[in-house]
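To start, the structure under review is shown below, and the notes come after it.
In this note's numbering, the protein residues as written are 21 to 601.
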């Protein structure tokens with residue numbers, strides 16, 4: 021024993037033999053007796069037996085537990101195989117052989133793989149069934165009231181999973197269709213609210229809060245109740261849109277009628293383009309935001325009421341404005357009318373209410389159109405009258421210029437006046453031709469229309485005849501005056517001997533020059549209107565006097581007027597500057 025249980029120096033371990041040897045050495049050193057030594061050895065052996073006995077019991081218990089574990093593992097293996105179905109990718113041992121642990125070791129990998137596969141399968145079932153439960157709850161409208169989901173682990177086969185997945189796909193398609201329909205309804209409600217000027221968010225909130233994006237709800241309600249309420253809301257909004265459009269079109273028609281009647285400017289009409297733009301639109305064509313808002317309709321109603329109130333006064337203003345336009349047309353073409361009588365007649369028609377405003381305005385427009393036609397037909401003759409009057413003004417200026425004794429002085433502007441005098445003589449020389457042309461065209465005009473061509477109430481032909489007569493009389497007087505001056509210049513030597521003294525003939529000649537000046541003919545500025553008060557009193561004599569005053573200022577361009585200063589220059593031997601013909 022000492023040899024077998026000796027301490028192995030190589031291993032450095034303590035064995036039972038080394039311990040007994042050590043114990044024997046201690047007993048020998050202490051001097052223990054053999055009895056005591058045997059007694060202690062027996063005690064040690066008993067303690068060893070107790071230890072072995074406990075170990076055996078523990079081993080038996082462990083074996084029983086392993087057998088139970090093996091039995092449970094086999095049962096669980098068969099249960100998992102049944103639950104997962106036939107299609108499993110796990111190698112299961114055919115026969116149990118070897119020790120218990122070997123059997124457990126053989127079953128454990130398959131069991132572990134089946135557990136893992138079961139967990140995955142349960143998760144797939146749970147996901148599919150939870151989606152099905154959620155979609156069903158959304159369709160039913162009680163998604164928030166769903167309870168806890170329990171997966172039936174007795175049947176986790178792929179066939180069962182496929183059935184659930186097919187059902188889920190059908191529900192997902194139905195959900196997609198419902199969501200698309202809800203979004204279409206919401207978009208329609210948004211467009212209608214925009215056109216009607218209504219609050220979109222409050223409208224959809226009344227249907228379901230999830231339809232309002234501002235609430236932060238991710239999913240929209242797709243329940244039957246939500247779809248039904250959306251359809252009713254759209255129907256109500258469409259009916260409201262139809263009624264508002266009909267009312268707005270009536271107001272727009274009324275506005276346009278009032279505008280046309282009251283001759284409203286285009287700038288003011290543009291302020292209501294948003295009202296009149298839909299006057300002929302159908303319900304589906306009106307899509308502009310706010311086009312049928314209540315405040316817009318109220319604004320149109322207010323405008324119609326205001327126009328109705330302003331209609332009487334505005335009608336007077338418009339008719340008087342057209343009357344002024346008519347008077348201006350007649351005034352520009354020098355046609356004499358009685359404006360006060362016309363205004364009183366218009367006022368009486370409006371106040372009586374016996375005539376429709378549209379008829380009155382149409383009659384005024386018709387008169388204006390006829391007046392414009394009349395003005396166009398008179399334009400050529402009036403242009404020639406203006407040229408004739410301008411020539412008369414130049415004739416008057418030329419006569420004043422010829423009487424100016426300082427006209428040849430080297431003063432500032434004298435050369436300009438000299439040039440103007442040359443041009444004036446040429447223009448005045450054309451007056452007879454102007455008169456002849458005017459007379460011919462006026463007669464053609466009168467023959468074509470069967471009426472007399474008047475200028476500010478005076479017949480133009482009478483004015484021209486009188487002007488020609490007065491011009492002829494003036495030329496005769498001027499010829500006699502020149503003859504007298506020529507006879508006075510025949511005795512210059514006699515005047516040099518006896519001195520210059522005024523002769524009765526010269527004094528009378530001077531008085532004749534002062535006569536027209538005293539009548540206002542030489543210094544007055546001729547008016548472009550030849551009526552000269554004739555349009556006021558309508559008398560032929562008044563017009564003749566005015567024309568006489570005007571024509572006294574004119575002289576023929578082929579003759580040069582000789583004033584007192586010109587006569588003096590002849591006496592002194594100097595000749596005046598010759599006038600160009």
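Glycine included, each C-beta is placed from N, C-alpha and C at the ideal position.
What you are looking at is a predicted structure, and each value in this text was computed from that prediction instead of being measured.
The Cβ atoms of residue 458 and residue 405 lie closer than 9 Å to each other. Look at the beta carbons and you see the stretch 340-360 touching the stretch 370-390: at least three pairs across the two are nearer than 8 Å.
Ranked by how close their Cα comes to the Cα of residue 339, the residues 376, 326, 305 and 303 have 376 in first place. In its chain, beyond the 5 residues on either side, no residue has a beta carbon closer than 6 Å to the beta carbon of residue 331. Note that the C-beta distance between residue 55 and residue 47 is not below 9 Å. Under the three-state reduction of DSSP output, residue 119 falls in the coil class, being neither helix nor strand. Within the same chain, 228 and 230 come within 6 Å of residue 241 by CB-CB distance, once the 5 residues on both sides are set aside. Taking a C-beta distance under 9 Å as the contact criterion, residue 159 and residue 195 qualify as a contact pair.
With contacts defined as CB atoms closer than 9 Å, residue 202 and residue 220 fail to qualify as a contacting pair. Note that the C-beta distance between residue 257 and residue 295 is not below 9 Å. Per DSSP, the continuous alpha helix (DSSP H) segment holding residue 377 begins and ends at 377-423. For a cut-off of 8 Å, the C-beta gap from residue 411 to residue 450 is around 7 Å, short enough to register as a contact. If you draw a straight line from the Cα of residue 246 to the Cα of residue 289, it is about 45 Å long. Our two residues, residue 138 and residue 100, have alpha carbons roughly 7 Å apart in a direct line. Residue 169 has its alpha-carbon roughly 30 Å from the corresponding atom of residue 94. Note that the C-beta distance between residue 402 and residue 445 is not below 9 Å.
One thing to note: residue 306 has its Cβ no nearer than 9 Å to the Cβ of residue 206.
The beta-carbon separation of residue 199 and residue 148, rounded to 20 Å, does not stay under the 8 Å limit for a contact.
According to the DSSP secondary-structure assignment, residue 479 is paired through a beta bridge with 474. In terms of Cβ geometry, residue 388 and residue 380 do not form a close pair [threshold 9 Å]. Under the three-state reduction of DSSP, residue 435 is assigned to helix. For residue 213, the enclosing alpha helix (DSSP H) stretches over residues 178-216. Excluding residues up to 5 positions away in sequence, 206, 209, 231 and 232 lie with their Cβ nearer than 7 Å to the Cβ of residue 224 in the same chain.
Residue 44 holds the alpha-carbon nearest to the alpha-carbon of residue 58 among 69, 75 and 44. When secondary structure is reduced to three states using DSSP, residue 304 falls in the coil class, being assigned neither helix nor strand. Where residue 280 is concerned, the enclosing alpha helix (DSSP H) starts and stops at 244-282.
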